[in-house]
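Using full-length UniProt numbering, the first residue of the sequence shown is number 1, and each one after it goes up by one. All C-beta atoms, glycine included, are put in the ideal place defined by N, C-alpha and C.
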Amino acid sequence: MALVLPVSVTVLTPATSANLGPGFDSLGLALQLYNRFEVEEWGSDPEHPRIEVLGALGEGLPTGPDNMFFQTFVLFLKRLQVPIPSVRIRMTINIPHGCGLGSSATAVVGGLMAANAWVRPLGLAVPKEELLEMAVEAEAGNHPDNVAPALLGALVATTHVDGKIHAIKTPFPNSLRAVIFTPSFPMDTVAGRKLLPANYPKADVTFNTGRVALLLTALQTGRYELIGEAMQDRLHQPYRQVLFPAMPDIINAAVAAGAHGACLSGGGSSLIALASSHFHDILRAMQNTARAAGVEGTGMILRADQNGARVLNTPRSRIRKEVSARYGDQFYWSPARPGSGR
C-alpha cells in the first residue's frame, strides 16, 4: 500500500533566556535569535545520520548518533512506533553553546518539531503544546524554563502540578528589547548548580517570590520602572557569581546606562538587560565594564520572539510503496497543504 512520507523538513527554533532574575527554573523568554535545522531523507543507514554543522558557533557539536537534535527526532518517532528514516541533517547554529541562551533547548525542541512534521502526512502529528512533556524529558536537566519558551515563544511561566508540567504563555511587551552581553567564556550549568545550597533561608525564598510577582505585574502593566527591583535574585545569582566575579559590575553598568533591569541569563555566562531605549549605550557600557575587568565578549540587541519554534516549509513528500499492517489505508493522506504546518 502507499504511504505519503516527507523527504525534507526545516525547523527554526529561537534562543531563550531563563530565570530573568528571580524566576529560578520557572520563567523563560524566547528571543529573536535562531538555530535552523534541516532534515532530508538521505542514505540507507537510519542509525548513522549525516550531520553537517554550519556556523562557527557550532564548532565541536556532535555529528554522530549522539547529536541531541537527532536523538530527540528519533525519540519522538520511536514513541509512535514509526520507522526511523535514514537522514541528512543540516544545522545552522547562530546561538552560542553553553552561554545561557538555550542552545541545547533549540536542539531538543527542534528535533521534536521536525519529527512531528515528519509524521504529519500520516495523520500522527500533535499540537506543538503537547510536545512539552517530551521536551522536558529529553532536556539534560529536565527543566522546562528553556524548552517551554523555545517551543511556545514569548514569556512562559512553568510549574509542575500532580506530576504534569503546566506552561502559561503570555505576550512580552514589544516596546522592550533584550540587550545581551555574552562573555568569551562559557559557564557549565552542571557546575553552577553544584554551587547552589540544598536549602534556602525563608527570607530568601520570600524575597524571590515577591520579585517574581512584581516582575510579571510590571511587564503586564507597563510599569517598567519596577523591573530593576523585580529582577533581583537571592536563589542562584549570588552563588553563581563565583564563576563570573565581574557579573555584578556589568549588571550595574547596564542599569546606569539606561536599562530597566539586568541579570544573568539562565545559568550564564550571558547577561540580559531589559530596556525600552538607549540600547546601544547599554550594550557599550556592559562591554566596557567587562573589558575593564579583563572579560572580552560579544553583544546583541534582540526583540522577544512571540511564536516559538516553527516549521518553515510544508514538508515535501513522495509516495512510498510499502506493506505495513500497522498503518493501513486510514493513514494514507495526500501531502499537507501549504501553510498547514504547526
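CB of residue i within 8 Å of CB of residue j, strictly
i    : j    : result
L196 : H236 : yes
L101 : A304 : no
A117 : V242 : no
I93  : V39  : no
P22  : L215 : yes
D281 : A309 : no
S265 : L271 : yes
F185 : I250 : no
S86  : P149 : no
Buried/exposed call for residue i, threshold 16 Cβ in 10 Å
i           : result
L77         : buried
E322        : A caution first: E322 carries a pLDDT of 40, below 50, which makes its placement in the model too unreliable to give a value.
L12         : buried
L152        : buried
I143        : The amino acid at residue 143 is misidentified as Ile; the sequence shows His. Classification of H143: buried, given that the 10 Å Cβ count is 16 or more.
residue 361 : Given a span of 1 to 342 for the chain in the structure shown, any question on residue 361 remains unanswerable.
P14         : buried
N208        : buried
P127        : exposed
A285        : buried
I319        : Note on I319: pLDDT 46, under 50, position unreliable in the model; no value is reported.
E139        : buried
A191        : exposed
R211        : buried
A213        : exposed
G341        : At G341, the pLDDT of 36 sits below 50, so the modelled position is not reliable; the number obtained from the coordinates is stated separately. G341 should be labelled buried.
L312        : exposed
Closer than 7 Å: residue i CB and nearest the ligand MN heavy atom
i    : result
V242 : Only the bare structure without any ligand can be found here, which leaves the ligand MN out of the picture.
Range of the contiguous alpha helix (DSSP H) that encloses residue i
i    : result
V108 : 103 to 118
P183 : Counting along the chain, P183 falls outside any alpha helix (DSSP H), though it belongs to the beta strand (DSSP E) covering 177 to 183.
L214 : 202 to 221
H280 : 279 to 292
T72  : 68 to 79
I227 : 227 to 230
T189 : 189 to 194
8 Å contact criterion, which residue i and residue j should meet: CB distance rounded
i    : j    : result
A273 : V179 : 4 Å
I165 : V136 : 6 Å
T189 : G141 : 7 Å
V255 : A246 : With a Cβ gap of about 15 Å, V255 and A246 do not count as contacting.
G98  : M187 : 7 Å
R177 : A275 : 6 Å
P183 : A290 : 7 Å
Inter-residue Cα distance where the pair is residue i and residue j
i    : j    : result
N252 : V295 : 16 Å
F244 : V82  : 46 Å
Y224 : T16  : 21 Å
N307 : P171 : 9 Å
D25  : E133 : 15 Å
T158 : Y239 : 23 Å
V156 : N146 : 9 Å
N19  : K169 : 15 Å
G299 : G55  : 17 Å
L302 : Y34  : 11 Å
M68  : G268 : 20 Å
R234 : I227 : 16 Å
W42  : V108 : 21 Å
G222 : G163 : 34 Å
G64  : F73  : 13 Å
A61  : F279 : Correcting the residue identity first, residue 61 is Leu in this sequence and not Ala. C-alpha separation (whole angstroms): 32 Å.
T106 : D66  : 16 Å
G58  : F70  : 15 Å
M91  : P201 : 44 Å
L31  : S175 : 14 Å
R50  : F37  : 13 Å
M231 : P173 : 16 Å
L112 : L75  : 8 Å
L122 : V7   : 13 Å
P248 : S104 : 26 Å
Range of the contiguous beta strand (DSSP E) that encloses residue i
i    : result
H166 : 164 to 170
N142 : Run containing N142: none; DSSP gives neither H nor E here.
A254 : Per DSSP, A254 belongs to no beta strand (DSSP E); it is in the alpha helix (DSSP H), 247 to 256.
E41  : 27 to 41
R50  : 50 to 54
G261 : 261 to 264
V156 : 155 to 161
M300 : 297 to 302
R234 : First-last for R234: undefined, no H or E at that position.
Short CB-CB distance (under 8 Å) between residue i and chain B
i   : result
L12 : Checking the listed chains, one finds no chain B in this structure; it contains a single protein chain.
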